[in-house]
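Listed in order, the protein sequences are those of chains A and B.
Going by the working numbering, the letters in the first sequence line up with residues 61 to 461, in that order.
Going by the working numbering, the letters in the second sequence line up with residues 4 to 260, in that order.
Even for Gly, the Cβ is constructed at its ideal location relative to N, Cα and C.
These numbers come from a predicted model, not from an experiment.
A short worksheet on the structure shown next.
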Amino acid sequence: MSWSGRQGVMVPAARAMSDPGATGRFGTYGGRYVPESLIPACHEIETAFREAWSDPEFHGRLDTLLTVYAGRPTPLTPAWRLSRELGITLFLKREDLAHTGSHKINNVIGQALLAHRMGKERLLAETGAGQHGVATATAAALLGLKATVFMGERDIERQELNVLRMNVLGAEVVPVTTGSRTLKDACNEAMRHWVSSVDDSYYCIGSVMGPHPYPWMVREFQRVIGEEARAQCAAELPVGVPDYVVACVGGGSNAAGTFAGFVDTTARLVGVEAEGGAAATFGRAGVLHGFRSLVLQDEDGQVTEAHSVAAGLDYPGIGPEHAQLRDGGRARYETVNDEEVVQALLRLARTEGILAALESSHAVAWVIRAAESGEIAPGSTVMLTLSGRGDKDIASIKELL
Amino acid sequence: MTESLEEFLIARRGMGRPLLVPYVTAGVTPGWTDVVRAYADAGADAVELGFPFSDPMLDGVTIQEAAGRAIAAGTTVKGILQEVATLDVDVPLIAMTYSNLVVQQSTAQFCAALTASGLRGLIVPDSPLEEVGELADAAAAEGLDLVLLAAPSSSRARLREITERSRGFVYALTRMGTTGERGEIPEQAARLGRELKGLTDRPVLFGFGVSNPAQAADLAGHADGVVVASALMRKLLDGARPRELGEYVASMRRALD
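This is the structure in structure tokens:
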């Protein structure tokens, strides 16, 4: 049952962004590029997810937890003063107000319920900014599961607070010392660990990436953002649908969930990437972490290190469905630089009293730039998903000021 | 040497010898091609060459370190192939790499380039049955044997399809997990070996965790031979010279025979 159903407002399901079928293909992207050892696990998860997703009891449990535990529905907040300054009407979908401080909890509660249903004892996860790790540790505690979170050594330094939160919640945080010591390497390590512990462990992937069924499944668990926002926009806006729907993109889970609610409308969909981690903009087709998509890589096919002021966005790939949306022109992807991000974070904080995560501030930065340059016409309506709150970034922000 | 990898290995097996395939990461040291020669001289039946990738999903710490070292030294696919073309060894060479390197231009171009440089086989561990179609066709068109992996977790139906579609040999994983040296050979390896041998006449070789001559001999008793990677690469990373690596392969050869 969708959120809109709970509220008694019927919103038709999106036609695009639907089930990618047994092969997990989004056009030429997606798939299941994992070692033979992991294939049975992928099949098992796909079967379990298909069963759960058509089971009203599973949806009932999920909806209940999202409501009474995660704090859904999250509000749609008009950004009153910033809207006036920019000459547009800007609404913020407040995922920062969800439990644990970001949209990550939606997906993790869904996957943790699934793992529990499958009889798994432990959740494995990788994390960049730490938000997915915190959400995983939280859901594991809630359901009585163990949690092991892989995190790059560099991210551990940048996100000390979130590491502490995971420890307090009872999760084991494993530092990853290989490669660039960031999210990409944490993904490799989590995948390797999964191969050797697949019997009792469930790999809880944090974004719309990885082998099938993860990109589809994670999008479905995040769809709640878009469906809520769509119903909220229908109630708030005279025409029912905003002119622009904007979200930041690393792997792209908050954007995928948001877009899923609007893909069959006239809204223009915009994903905003970090300039140094812009796989949709600068990537080439390739295979990484179990799926085919757009990947930042050198001429020879070695995956290059991404950079962003936001630890959650320095990932060198993008979810396969985003690659398809880009190729088909249904969504466009833009980049902003670190300086714009920091300025946007400050401006939102000082006009609206909302401290957004550095990740989310990428989306804010693009809206500011596009509105001030006239690319977004004056008087337009914009719905922006504020994917998380900025408390975790306060040490980074202090250094940047 | 005009026969295919598979024909070559079957002929060697026909001589009553367990098969031994040592591994080296291409580009890991400036003299890595000397390692290949040393292996061949020491009685290897084929040599597996790792084309280093930045994100080797199925490799443990040793092979990761070797790949990282090779990439840092500027190793490229083109460079490896140029060096391979100069190698004059009397055993087949098999490339091992990940999907992202294979799909850079096209799988057809990649396979053609391997064949042109004299390689006879290809292993792509992150390309399971579901994704292998185009690559299998491209490899077949070039006469390159595409070796598929079989895992302890594979169902019997999948094992049957893997043995049917694999070429050269069937690469049986001794355990669930990454590459790397291990203390014991699990019972599941023997079971997988028996099952695969019951399904195919194609050579079946064990890989992953073959750490010493005694283990190699033990495993070879359950199949047709072994692939040895991390144990050799650890020695190389610790400074062993090609001659010393060759001596170690020779000790494995003796244990197998």
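In chain order, what residues of the same chain have a beta carbon less than 6 Å from the beta carbon of residue 63 (chain A), not counting five sequence neighbours either side? The residue labelled residue 63 (chain A) in the question sits at position 3 within the first sequence. No answer about residue 63 (chain A) holds up, because its pLDDT of 34 lies below 50 and its placement is not dependable.
Can you give the beta carbon distance from residue 48 (chain B) to residue 363 (chain A), rounded, assuming they're within the 8 Å contact cut? Position 45 of the second sequence, counting from 1, holds the residue named residue 48 (chain B). Position 303 of the first sequence, counting from 1, holds the residue named residue 363 (chain A). The beta carbons of residue 48 (chain B) and residue 363 (chain A) sit about 33 Å from each other, so the pair does not count as a contact at 8 Å.
Taking the alpha carbon of residue 263 (chain A) as the point to measure from, which residue in A:430, A:187 and A:379 has its own alpha carbon closest? Position 203 of the first sequence, counted from the first residue, corresponds to residue 263 (chain A). Answer by Cα proximity: A:187.
Is any beta-carbon of chain A found at less than 8 Å from that of residue 233 (chain B)? Looking up residue 233 (chain B) in the second sequence gives position 230. Not one chain A Cβ lies under 8 Å of residue 233 (chain B).
For residue 362 (chain A), decide whether its Cβ has a neighbour in chain B, counting only Cβ atoms nearer than 8 Å. For the purposes of this step, residue 362 (chain A) is identified with residue 302 of the first sequence, where counting begins at 1. By this cut-off, residue 362 (chain A) is an interface position.
Does the CB of residue 112 (chain B) have a neighbour CB from chain A at under 8 Å? The count along the second sequence starts at 1 and reaches residue 112 (chain B) at position 109. It does not; no Cβ of chain A falls within 8 Å.
Given that a residue counts as buried once 16 or more other Cβ atoms are within 10 Å of its Cβ, and exposed if not, what is residue 136 (chain B)? For the purposes of this step, residue 136 (chain B) is taken as the residue at position 133 of the second sequence. Exposed, since its Cβ has fewer than 16 Cβ neighbours within 10 Å.
Can you tell me whether residue 227 (chain B) is buried or exposed? The criterion is at least 16 other CB atoms within 10 Å of its CB, across all chains shown. In the second sequence, the residue the question calls residue 227 (chain B) occupies position 224. Classification for residue 227 (chain B): buried.
For the beta strand (DSSP E) that contains residue 308 (chain A), what are its first and last residues? Locating residue 308 (chain A) in the first sequence gives position 248, counting from the first residue. Element bounds for residue 308 (chain A): 304–308.
Those runs of the alpha helix (DSSP H) which lie wholly inside the segment 129–207 of chain A and span at least 4 residues: Secondary structure in the segment 129–207 of chain A: the alpha helix (DSSP H) runs of 4 residues or longer, each lying completely within the stretch, are 140–146, 164–177 and 191–203 in chain order.
Which residue comes first and which comes last in the alpha helix (DSSP H) that contains residue 449 (chain A)? In the first sequence, residue 449 (chain A) corresponds to position 389, counting from 1. From DSSP, residue 449 (chain A) is part of no alpha helix (DSSP H); its letter is neither H nor E.
Residue 18 (chain B): first and last residue of the uninterrupted alpha helix (DSSP H) it sits in: Looking up residue 18 (chain B) in the second sequence gives position 15. Careful: residue 18 (chain B) lies outside any alpha helix (DSSP H) and carries neither H nor E.
Got a sec: which bits of the segment 118–131 of chain B sit with their beta carbon under 7 Å from any beta carbon on chain A, in order along the chain? Cβ proximity to chain A below 7 Å picks out 128, 129, 130 and 131 from the segment 118–131 of chain B.
Under three-state DSSP, which class holds residue 54 (chain B)? Sequence index remark: in the second sequence, residue 54 (chain B) carries index 51 (1-based). Of the three classes helix, strand and coil, the one that applies to residue 54 (chain B) here is coil, per DSSP.
Count Cβ pairs between the segment 108–128 of chain A and the segment 246–254 of chain A that sit closer than 8 Å; are there 3 or more? The segment 108–128 of chain A makes no contact with the segment 246–254 of chain A, as fewer than three CB pairs between them are under 8 Å.
Helix, strand or coil at residue 107 (chain B) according to DSSP, with G and I counted as helix: As a position in the second sequence, residue 107 (chain B) is number 104, starting the count at 1. In this structure, DSSP gives residue 107 (chain B) a state outside helix and strand, which the three-state scheme calls coil.
With respect to the alpha helix (DSSP H) encompassing residue 232 (chain A), which residues constitute its N-terminal and C-terminal limits? For the purposes of this step, residue 232 (chain A) is identified with residue 172 of the first sequence, where counting begins at 1. Unbroken run through residue 232 (chain A) is the beta strand (DSSP E), 232–236; no alpha helix (DSSP H).
Measure the beta-carbon distance from residue 231 (chain A) to residue 178 (chain A) and round it to whole angstroms, keeping in mind my assumption that it falls under 8 Å. Here the question's residue 231 (chain A) lines up with position 171 in the first sequence. Here the question's residue 178 (chain A) lines up with position 118 in the first sequence. The pair is not a contact, with the Cβ atoms about 20 Å apart (cut-off 8 Å).
Would you say residue 149 (chain B) and residue 142 (chain B) are within 8 Å of each other, going by their C-beta atoms? Within the second sequence, the letter at position 146 stands for residue 149 (chain B). Within the second sequence, the letter at position 139 stands for residue 142 (chain B). A Cβ-Cβ contact shorter than 8 Å links residue 149 (chain B) with residue 142 (chain B).
Please tell me whether residue 58 (chain B) has its Cβ less than 8 Å away from any Cβ of chain D. Here chain D cannot be found, since the structure's protein chains are A and B.
Excluding the 5 residues flanking residue 231 (chain B) on each side, which residues of the same chain have their C-beta closer than 6 Å to its C-beta? On the second sequence, position 228 is the one that residue 231 (chain B) refers to. Here the set comprises 25 and 213.
Relative to the alpha-carbon of residue 117 (chain B), which residue among B:81, B:71, B:211 and B:207 has its alpha-carbon at the smallest distance? Along the second sequence, read from residue 1 onward, the residue named residue 117 (chain B) stands at position 114. It is B:81 whose Cα lies nearest to the Cα of residue 117 (chain B).
Distance, Cα to Cα, residue 61 (chain A) vs residue 87 (chain B)? Translated into positions along the first sequence, residue 61 (chain A) becomes position 1. Translated into positions along the second sequence, residue 87 (chain B) becomes position 84. Since pLDDT at residue 61 (chain A) reaches only 30, below the 50 mark, its modelled position is unreliable, and no value is offered.
If you measure between the beta carbons of residue 218 (chain A) and residue 371 (chain A), is that distance less than 8 Å? Indexing the first sequence from 1 puts residue 218 (chain A) at position 158. Indexing the first sequence from 1 puts residue 371 (chain A) at position 311. With contacts defined by Cβ atoms closer than 8 Å, residue 218 (chain A) and residue 371 (chain A) form a contacting pair.
Which same chain residues end up closer than 7 Å to residue 126 (chain A) when comparing Cβ atoms and leaving out the 5 residues on each side of it in sequence? As a working mapping, residue 126 (chain A) is identified with position 66 in the first sequence. Hits under 7 Å: 132, 166, 169 and 284.
Runs of 4 residues minimum, wholly inside the segment 41–98 of chain B: which ones carry the alpha helix (DSSP H) assignment? For the alpha helix (DSSP H) assignment, the uninterrupted runs of no fewer than 4 residues enclosed by the segment 41–98 of chain B are, from N- to C-terminal side, 64–75 and 80–88.
Could you give the distance in angstroms between the alpha-carbon of residue 359 (chain A) and the alpha-carbon of residue 87 (chain A)? Looking up residue 359 (chain A) in the first sequence gives position 299. Looking up residue 87 (chain A) in the first sequence gives position 27. CA-CA distance, residue 359 (chain A) to residue 87 (chain A), rounds to 24 Å.
Any 3 or more C-beta pairs closer than 8 Å across the segment 339–350 of chain A and the segment 445–456 of chain A: The segment 339–350 of chain A is not in contact with the segment 445–456 of chain A.
Please compile the residues from chain A whose C-beta is within a distance smaller than 9 Å of the C-beta of residue 157 (chain B). For the purposes of this step, residue 157 (chain B) is identified with residue 154 of the second sequence, where counting begins at 1. Listed by position along chain A, the residues whose Cβ is nearer than 9 Å to that of residue 157 (chain B) are 96, 97, 99 and 100.
Can you tell me the Cα-Cα spacing of residue 322 (chain A) and residue 101 (chain A), whole angstroms? Along the first sequence, read from residue 1 onward, the residue named residue 322 (chain A) stands at position 262. Along the first sequence, read from residue 1 onward, the residue named residue 101 (chain A) stands at position 41. About 32 Å.
Contact with chain B by residue 244 (chain A), beta-carbon distance below 8 Å: Here residue 244 (chain A) is taken as the residue at index 184 of the first sequence, counted from 1. So, interface residue.
Output needed in chain order: residues of the segment 78–104 of chain B with a Cβ under 7 Å from some Cβ in chain A. Only those residues of the segment 78–104 of chain B whose C-beta falls short of 7 Å from the nearest C-beta of chain A are listed: 79, 80, 102, 103 and 104.
Compare the C-beta of residue 106 (chain B) with all C-beta atoms of chain A and state if any pair is closer than 8 Å. For the purposes of this step, residue 106 (chain B) is identified with residue 103 of the second sequence, where counting begins at 1. It does: the Cβ of residue 106 (chain B) has a partner Cβ on chain A nearer than 8 Å.
Note down, in chain order, every chain A residue with its Cβ under 8 Å from the Cβ of residue 181 (chain B). Position 178 of the second sequence holds residue 181 (chain B). Against chain A, the beta carbon of residue 181 (chain B) has neighbours under 8 Å at 252, 255 and 256, listed in chain order.
Is the beta carbon of residue 86 (chain B) within less than 7 Å of some heavy atom of the ligand SAM? Of ligands this structure carries none, so the ligand SAM is not represented either.
Exposed or buried, residue 246 (chain B), counting other C-beta atoms within 10 Å across all chains shown (16 or more means buried)? In the second sequence, the residue the question calls residue 246 (chain B) occupies position 243. By the neighbour-count rule (16 or more Cβ atoms within 10 Å), residue 246 (chain B) is not buried but exposed.
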